[in-house]
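Structure record follows, encoded as structure tokens.
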Amino acid sequence: MLTGISTNVLVLGVVSLLTDMSSEMIYPIMPLFLTAIGASGLVIGLIEGASETTASLIKVFSGWYSDRYRMRKPFILGGYGASSLVKPLLYFATQPWHVLGLRITERVGKGVRSAPRDALIADSTDRGYRGRAFGFHKAMDSSGAVFGPLLVIPVLLAAATVTADTYRMIFLVSAIPALVAVFIILMFVREKESEGGSKLGLFFSEVRHLGRPFYLILIVVMTFYIGEISYAFFILRASDAGTSIAGLDVDISVILLYVLYNVVFVVFAILSGDLSDRWGRKPIIAVSFIVFALAGLTMAIADLLPLLILGFVLFGVYKGSSEGVLKAYVTDVAPKRLRGTALGAFHTSVGLVMLPGGLVAGLLWDSSLGPAGTFTYGAMMAVVALVLLIVIAPGKDVQVN
106 MLTGISTNVL
116 VLGVVSLLTD
126 MSSEMIYPIM
136 PLFLTAIGAS
146 GLVIGLIEGA
156 SETTASLIKV
166 FSGWYSDRYR
176 MRKPFILGGY
186 GASSLVKPLL
196 YFATQPWHVL
206 GLRITERVGK
216 GVRSAPRDAL
226 IADSTDRGYR
236 GRAFGFHKAM
246 DSSGAVFGPL
256 LVIPVLLAAA
266 TVTADTYRMI
276 FLVSAIPALV
286 AVFIILMFVR
296 EKESEGGSKL
306 GLFFSEVRHL
316 GRPFYLILIV
326 VMTFYIGEIS
336 YAFFILRASD
346 AGTSIAGLDV
356 DISVILLYVL
366 YNVVFVVFAI
376 LSGDLSDRWG
386 RKPIIAVSFI
396 VFALAGLTMA
406 IADLLPLLIL
416 GFVLFGVYKG
426 SSEGVLKAYV
436 TDVAPKRLRG
446 TALGAFHTSV
456 GLVMLPGGLV
466 AGLLWDSSLG
476 PAGTFTYGAM
486 MAVVALVLLI
496 VIAPGKDVQV
506 N
């Protein structure tokens, strides 16, 4: 399994495991916390969309700067450090707009680190193992997303009554693994000599050189992600259904569903990365779009536990099959000297459409259509993106590098 996995990729995997453990102590309870302090579905959609969009606006520039100065580690260290310091401040949030401000700040840290980190993974890996490397990294990331919620469950079980203050204590504890991850970056991540010639020119002149295959992929990705339904709406759907697993409290049952989603994510991230190295990126991404459409249609009618379980499993299959493979796809077609820029542009494009997409999902949720409208919208956009992927995206043999 570790064939082709370099030391940098291994260390960054451990970092992502710890950081995601920290984040995922927060994420599954965040929609519940927001509801407890008075947020509507529209507000939750706004918070999710605005925070991701703000982060994504930064990613393209951090990626380009890491290419320009041929340094990845300072951006990785600074980004993880900023996110780690912000998380415990959620303890003091009493209004939805407090959460909005802190989520945006935390996502800024992600914006600074994501493209340089992904570029370092690509720099440290041979092309024939790149799908495996990104799949391994996403699997480690999602392993943290399994452990994080499991750490939350004993706290919720111990509380006589789960209140907003219960969630606030969890926010404080979540900072510990994140700070350990920052120390590991400082000590063990090593710069990889970037390939390329002289220092890059101005940002906008270099972006033009990313090439037609890259921009065709971007069109497909933006079409899909404007309809991707956030995990927050999956959690709210399960919470609103009021179903219980083995007689447990609804909040704990929802977290267990979220853990199930992440376990499936881990398995399929590893599997899909290897398969994309052998079969090509495009077929794997096509399957992931189909699976997401099925997940959306399932959640649109999910009012019983078996359907909720199926919806969360399909969501995990989709996520595991798409995220790492999409990054490998981008690095396949981008010029080597512009890997950070390409990955940054990819992340930024995703974020730019997530804000309007989140608002549409929230408006549909609050409308007479309710959850069925939100999830059906996501399924429809996945089908549109699938058609575009088949028609315009480059195939297996394309290699600009």
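Quick note, the working numbering runs 105 ahead of the 1-based positions in the sequence shown. All C-beta atoms in this analysis are idealised placements derived from N, C-alpha and C, irrespective of residue type, glycine included.
Notebook entry, point to check: What are the start and end residues of each continuous alpha helix (DSSP H) run of 4 or more residues lying completely inside the stretch 420-499, in chain order?
Noted result: 444-471, 475-497
Checklist line | Whole-Å CB distance - R383 paired with A433, under 8 Å assumed | finding: With 8 Å as the limit, R383 and A433 do not qualify as a contact, their Cβ atoms being about 12 Å apart.
Notebook entry, point to check: Taking just the CA atoms, how far does Y132 sit from G62?
Noted result: Lying before the first or after the last residue shown, residue 62 is absent from the chain, which here runs from 106 to 506.
Margin query: So, at 6 Å on beta carbons, what are the nonlocal neighbours of F509 in its own chain, with the 5 sequence-adjacent residues on each side left out?
Written below: The shown model of the chain, from 106 to 506, leaves out residue 509, and the question about it has no answer.
Notebook entry, point to check: Hey, is the stretch 171-179 in contact with the stretch 487-494, meaning 3+ C-beta pairs nearer than 8 Å?
Noted result: no
Next item on the list: Assign G214 to one of two classes, buried (16 or more other C-beta atoms within 10 Å of its C-beta) or exposed (fewer than that).
Entry: buried
Note to self: Here's a check: name, in chain order, each residue in its chain whose Cβ is nearer than 6 Å to the Cβ of S358, leaving out the five neighbours to either side.
What the structure shows: S349, I350
Item checked: Opening and closing residue of the alpha helix (DSSP H) in which R177 lies -> Here R177 belongs to no alpha helix (DSSP H), and DSSP marks it neither H nor E.
Check: Going straight from the alpha carbon of G478 to that of R232, what length do you get?
Finding: 41 Å
Check: Exposed or buried, which one is F137 when buried takes at least 16 other CB atoms within 10 Å?
Finding: The sequence as given places Leu at residue 137; Phe does not occur at that position. Buried, because 16 or more other Cβ atoms sit within 10 Å of the Cβ of L137.
Check: Closest to I152 by CA distance: which of L474, G483, G462 is it?
Finding: G462
Notebook entry, point to check: Do three or more CB pairs link the stretch 468-478 to the stretch 188-199 at distances below 8 Å?
Noted result: no
Notebook entry, point to check: Which word fits R212, buried or exposed, when buried means at least 16 other C-beta atoms lie within 10 angstroms of its C-beta?
Noted result: buried
Note to self: Can you list, in chain order, the residues of its chain with a C-beta nearer than 6 Å to that of L361? Leave out the 5 residues immediately preceding and following it.
What the structure shows: I350
Notebook entry, point to check: What are the boundary residues of the alpha helix (DSSP H) that T328 is part of?
Noted result: 317-330
Note to self: If contacts are defined as beta-carbon pairs under 8 Å, then M130 and S344 qualify, I think. What distance do you get, rounded to the angstrom?
What the structure shows: The pair is not a contact, with the Cβ atoms about 18 Å apart (cut-off 8 Å).
Item checked: Counted within 10 angstroms of its Cβ, other Cβ atoms place W169 as buried (16 or more) or exposed -> buried
Note to self: Please report the straight-line C-alpha distance between V312 and V116, rounded to a whole angstrom.
What the structure shows: 30 Å
Margin query: For M486 and A198, what's the separation of their Cα atoms in angstroms?
Written below: 35 Å
Checklist line | Range of the contiguous alpha helix (DSSP H) that encloses K297 | finding: From DSSP, K297 is part of no alpha helix (DSSP H); its letter is neither H nor E.
Next item on the list: Starting from the C-beta of S99, find all residues in its chain whose C-beta is less than 7 Å away, skip the five residues before and the five after it, and write them out in chain order.
Entry: There is simply no residue 99 to check, as the chain begins at 106 and stops at 506 in what is shown.
Notebook entry, point to check: Can you tell which of P221, P201, L353, I375 has the C-alpha that lies nearest to the C-alpha of Y234?
Noted result: I375
Notebook entry, point to check: How would you label L409, buried or exposed, when you count the other beta carbons within 10 angstroms and need 16 or more for buried?
Noted result: exposed
Next item on the list: Verify whether the separation of the beta carbon atoms of F239 and G378 is less than 7 Å.
Entry: yes
Checklist line | Exposure of S317, with buried meaning 16 or more beta-carbon neighbours within 10 Å | finding: The question names Ser, yet the displayed sequence has Arg at residue 317. R317 is exposed by the Cβ-count criterion.
Checklist line | Contact the stretch 386-398 vs the stretch 244-260: 3+ CB pairs below 8 Å | finding: no
Item checked: Nearest neighbour of S454, chosen from G186, G216, V148, V287 [CA to CA] -> G216
Check: Considering only C-alpha positions, which residue in the set D356, G150, G449 is nearest to R222?
Finding: G449
Checklist line | Those runs of the alpha helix (DSSP H) which lie wholly inside the stretch 251-288 and span at least 4 residues | finding: 269-278
Check: Could you give the residue range of the alpha helix (DSSP H) that holds Y363?
Finding: 355-384
Check: So, helix, strand or coil for T108, using DSSP?
Finding: coil
Next item on the list: Count the other C-beta atoms from every protein chain shown that fall within 10 angstroms of the C-beta of G184, then say buried if there are 16 or more, exposed otherwise.
Entry: buried
Checklist line | V48 versus L412 - alpha carbon distance | finding: Nothing about residue 48 can be read from this structure; the chain reaches only from 106 to 506.
Note to self: Check for me: the alpha helix (DSSP H) holding E333 runs from which residue to which?
What the structure shows: Where E333 is concerned, there is no enclosing alpha helix (DSSP H), given that its DSSP letter is neither H nor E.
Checklist line | Residues of its chain near V489, where Cβ-Cβ distance is below 7 Å and the 5 sequence neighbours each way are ignored | finding: T328
Next item on the list: Please report how far the alpha carbon of D172 lies from the alpha carbon of M135, in whole angstroms.
Entry: 35 Å
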